[in-house]
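Residue numbers (this note's numbering): 1182 to 1736.
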Amino acid sequence: MLSPELNSPEHDLAAEISQDSAPEPSSRNKTPTLRRPPARFEADFYYFGVAPLSQHPRLIYRTGKPLKPSPDPDNIYYRRRKQVCGVFGHALNTVWDSVGPQIRDVLTSQSIPWSTIDGVRFLTEGQYIGYDTLGPVVIWIGLCPPGSLEWAEAALVTEKILRILEDVNVDDVDVEFRESSYRALSGPGVATLLPPESGITRAFHVREPLTTALGVPIAASGERAGTLGLYIADGDQLLGLTSGHVVGASTDDSDTAAIEILGADGFGRLLSTTQKTIQTNSDQAASYRYQVGRLQRELADSDATAAEKERQVRSDQYQAEAAEEVIAEVSELLTALKQDWSEPNQRIIGTIAHSAPLAFRDDYIEDWAILKLDKAKFRELCGNKMSLAKAYAVSDPGPFRRKLNTVQYRTTAFRWPSCDMLPLTGILSEDLMRFPDMRDTSNNPANIFLKNGGGTGLTLGRSTGIESFVRDPVSGRVSRAWPVFNYETDVFAGPGDSGAVVADYLGRICGIIQGGCVSRDKETVHTTYVTPMCWLWPKIKEHFPNARLYDIEPV
1182 MLSPELNSPE HDLAAEISQD SAPEPSSRNK TPTLRRPPAR FEADFYYFGV
1232 APLSQHPRLI YRTGKPLKPS PDPDNIYYRR RKQVCGVFGH ALNTVWDSVG
1282 PQIRDVLTSQ SIPWSTIDGV RFLTEGQYIG YDTLGPVVIW IGLCPPGSLE
1332 WAEAALVTEK ILRILEDVNV DDVDVEFRES SYRALSGPGV ATLLPPESGI
1382 TRAFHVREPL TTALGVPIAA SGERAGTLGL YIADGDQLLG LTSGHVVGAS
1432 TDDSDTAAIE ILGADGFGRL LSTTQKTIQT NSDQAASYRY QVGRLQRELA
1482 DSDATAAEKE RQVRSDQYQA EAAEEVIAEV SELLTALKQD WSEPNQRIIG
1532 TIAHSAPLAF RDDYIEDWAI LKLDKAKFRE LCGNKMSLAK AYAVSDPGPF
1582 RRKLNTVQYR TTAFRWPSCD MLPLTGILSE DLMRFPDMRD TSNNPANIFL
1632 KNGGGTGLTL GRSTGIESFV RDPVSGRVSR AWPVFNYETD VFAGPGDSGA
1682 VVADYLGRIC GIIQGGCVSR DKETVHTTYV TPMCWLWPKI KEHFPNARLY
1732 DIEPV
């Protein structure tokens, strides 16, 4: 919806844009304002790479230097991947507390259907390795629903935003509009939980959802699923923290609705995965045993290749035995799943102790719940520790380590923790989120965060020194949140990750996940939004004054 003056029939948007005075060249000497719609190729692929599987958002309008026309728009070779990076040490950081609300108010007053406002930079890959380029600071504005704003309308409001920036002598910032909507990251919706394992086995992906490491998948109903973010001690009680929308917001502390691990849908998927794992390893074991028998028969006829065949027999025997070990381990787990976890009441791990009503406040999104956990189900509790073992499960841990090694604390690089468990150590202050004590390989401020969620598991993301503005798609209420961007092409979070804790590699807690920005398929997230723990913890203490983070020094 547009403001009345923009909706009038005699209002010629293109004419106003052409007549409106542009910023002086001296003030916008690096990135002059564009006055044209993006070409089809640019609109479709300008943000290529910020989300996997070509789920990047579509460009509506931007300022900045024009792109060279693509010689072959449909050839993937000509698409340059982008990564979203943080903004630190720029003039915009120092004035954002005053400028950000003005930009928010201008967009709202002009009836622009915005969803989020972020401060970012883009790293664009070069044609050759080592020739990547870091672009200017960008005020990145999401629009929802798709097709709700024309480029000319975006251009008009861009002029107002640029004037706001010029008034505070910030003249090297671009403005970009993309199609993107905000959504909460809840997903579709006994025996004791298991202790986490050190290292990785072929049965890891089956066992891991049932361990006590941070990232336990939970559900309060068939429609909503999320993640148990943190363990909290309150006297002799064991509590858990998650997002309020995962369990259903309520102001009534007598609401003791049960909380399940996994939920019905999650349990069904785990059961199916367990059965498929057994079948796959059975097929592999049978194949290796067949190969061993065939080679042993051939060895009876000695020939020049006997030594090589003996080596292959030993290798195949080892592989067959390994597959049979997995079958035995997973079969035992399958039996336990059917006997001890199949009924909903067997999967109950706690009840709701307090659920704060969802509030889009002037400061940050308030959306949290405290769960009273059944201590009998957590006899193997490992504490507030994040399992990094999945780095081995998904691929060679080399890329995971490489990403973590792009930042360091003072002169200390990341060191892989013992037993693959990263212990949380405390709460990251807001000052350190804005002005990190981490440095990248070029000695610039940087923040890289980790999370292990019930939806997308163990991931890494980049953060920034500027908080974002988020608008609730239903009520239109506006609040702030801290953004975390995807690192390279892997998503940082997705459905089912609401409530998951976000921390740096020193174990300092940034906050808990609330929602994210999606575009084309409404599922793949390119920006994740977090409520900072430094702001949330005092809110929790108001209701639980004796609470402390489990196995972490009092905060």
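Every residue gets a Cβ at the ideal spot worked out from N, C-alpha and C, and that includes glycine.
Ends of the alpha helix (DSSP H) at residue i?
i: Thr1455; result: Gly1444 to Leu1480
i: Gln1283; result: Ala1272 to Ser1290
i: Gly1677; result: Note, Gly1677: premise wrong, no alpha helix (DSSP H); not H, not E.
i: Lys1341; result: Trp1332 to Asp1348
i: His1426; result: Gly1425 to Val1428
i: Ala1224; result: Arg1221 to Phe1226
If you draw a straight line from the alpha carbon of residue i to that of residue j, how long is it in whole angstroms?
i: Leu1784; j: Gly1316; result: In this structure the chain extends from 1182 to 1736, so residue 1784 is not present and cannot be described.
i: Leu1631; j: Ile1530; result: 25 Å
i: Leu1420; j: Gln1465; result: 43 Å
i: Thr1142; j: Gly1564; result: A question about residue 1142 goes unanswered here, because the residues of the chain that appear run from 1182 up to 1736.
i: Tyr1731; j: Ile1413; result: 5 Å
i: Thr1314; j: Leu1304; result: 6 Å
i: Asp1225; j: Gly1449; result: 38 Å
i: Lys1722; j: Ala1728; result: 6 Å
i: Trp1597; j: Leu1409; result: 24 Å
i: Ala1438; j: Ala1336; result: 49 Å
i: Cys1266; j: Ile1442; result: 35 Å
i: Leu1687; j: Leu1605; result: 8 Å
i: Pro1204; j: Leu1240; result: Legend: pLDDT at Pro1204 = 36, less than 50; position of this residue unreliable, no value from coordinates given.
i: Thr1670; j: Arg1658; result: 31 Å
i: Arg1209; j: Ala1400; result: Any reading at Arg1209 is ruled out, since the residue's pLDDT is 43, under 50, leaving its predicted position unreliable.
i: Pro1719; j: Ser1568; result: 27 Å
i: Gly1311; j: Val1268; result: 21 Å
i: His1426; j: Gly1444; result: 15 Å
i: Gln1418; j: Leu1717; result: 20 Å
i: Phe1673; j: Arg1582; result: 16 Å
i: Ser1523; j: Leu1451; result: 11 Å
i: Ile1342; j: Lys1584; result: 35 Å
i: Ile1739; j: Asp1348; result: Absent from the structure is residue 1739, since the part of the chain shown begins at 1182 and ends at 1736.
i: Phe1616; j: Asp1278; result: 15 Å
i: Ile1733; j: Gly1607; result: 7 Å
i: Leu1641; j: Ser1329; result: 33 Å
Check the DSSP bridge columns for residue i and list the partner residues they point to.
i: Pro1626; result: Arg1620
i: Cys1266; result: Arg1302
i: Glu1441; result: Ala1400 and Ile1529
i: Val1683; result: Lys1632 and Gly1692
i: Ser1644; result: Val1665
i: Asp1415; result: Gln1418 and Ala1728
i: Gly1607; result: Arg1689
i: Lys1566; result: Pro1604
i: Thr1297; result: Val1651
i: Leu1585; result: According to DSSP, which records beta bridges pairwise, Leu1585 is partnered with nothing at all.
i: Thr1314; result: Thr1305
i: Arg1658; result: Answer is none; Arg1658 lacks a bridge partner.
i: Arg1364; result: Gly1697
i: Leu1639; result: Asn1633
Let's see if you can read the secondary structure: which residues bound the beta strand (DSSP E) around residue i?
i: Gly1323; result: Val1318 to Leu1324
i: Glu1357; result: Val1354 to Glu1360
i: Ile1693; result: Arg1689 to Val1699
i: Phe1595; result: First-last for Phe1595: undefined, no H or E at that position.
i: Phe1650; result: Ser1649 to Arg1652
i: Ala1406; result: Arg1405 to Leu1409
i: Arg1243; result: Leu1240 to Arg1243
i: Gln1589; result: Val1588 to Tyr1590
i: Thr1152; result: Absent from the structure is residue 1152, since the part of the chain shown begins at 1182 and ends at 1736.
Spell out whether any CB of chain C is found under 8 Å from the CB atom of residue i.
i: Gly1429; result: This model lacks chain C altogether; it includes just one protein chain.
Is the segment 1708-1717 close to the segment 1657-1666, with three or more CB pairs under 8 Å?
-> Output reads yes: the segment 1657-1666 touches the segment 1708-1717.
Evaluate contact between the segment 1627-1646 and the segment 1674-1685, counting only Cβ atoms and requiring at least three cross-stretch pairs below 8 Å.
-> Yes, the segment 1627-1646 touches the segment 1674-1685.
Three or more C-beta pairs closer than 8 Å, one from the segment 1228-1248 and one from the segment 1591-1607: is that the case here?
-> With a cut-off of 8 Å, the segment 1591-1607 and the segment 1228-1248 do not count as touching, because too few Cβ pairs lie within range.
Taking the runs of the alpha helix (DSSP H) that are 4 residues or longer, which of them lie wholly in the segment 1480-1562?
-> The segment 1480-1562 contains these whole alpha helix (DSSP H) runs: 1487-1517.
Taking 8 Å as the threshold, find out whether the segment 1698-1706 comes into contact with the segment 1510-1530 through three or more Cβ pairs.
-> The segment 1510-1530 and the segment 1698-1706 do not touch, with fewer than three beta-carbon pairs separated by less than 8 Å.
Taking one C-beta from the segment 1695-1702 and one from the segment 1359-1367 each time, how about it: are there three or more such pairs within less than 8 Å?
-> Enough Cβ pairs lie closer than 8 Å, so yes.
Would you call the segment 1615-1629 and the segment 1496-1512 in contact, with 3 or more CB pairs under 8 Å?
-> Contact annotation: the segment 1615-1629 does not touch the segment 1496-1512, with fewer than three C-beta pairs closer than 8 Å.
Three or more C-beta pairs below 8 Å linking the segment 1644-1662 and the segment 1343-1358 = With a cut-off of 8 Å, the segment 1343-1358 and the segment 1644-1662 do not count as touching, because too few Cβ pairs lie within range.
Pairing CB atoms from the segment 1530-1548 with CB atoms from the segment 1451-1463, are three or more of them under 8 Å?
-> Contact between the segment 1530-1548 and the segment 1451-1463 is absent: fewer than 3 CB-CB pairs across the two stretches fall below 8 Å.
So does the segment 1465-1477 actually touch the segment 1553-1562, counting three or more Cβ pairs closer than 8 Å?
-> Too few Cβ pairs lie closer than 8 Å, so no.
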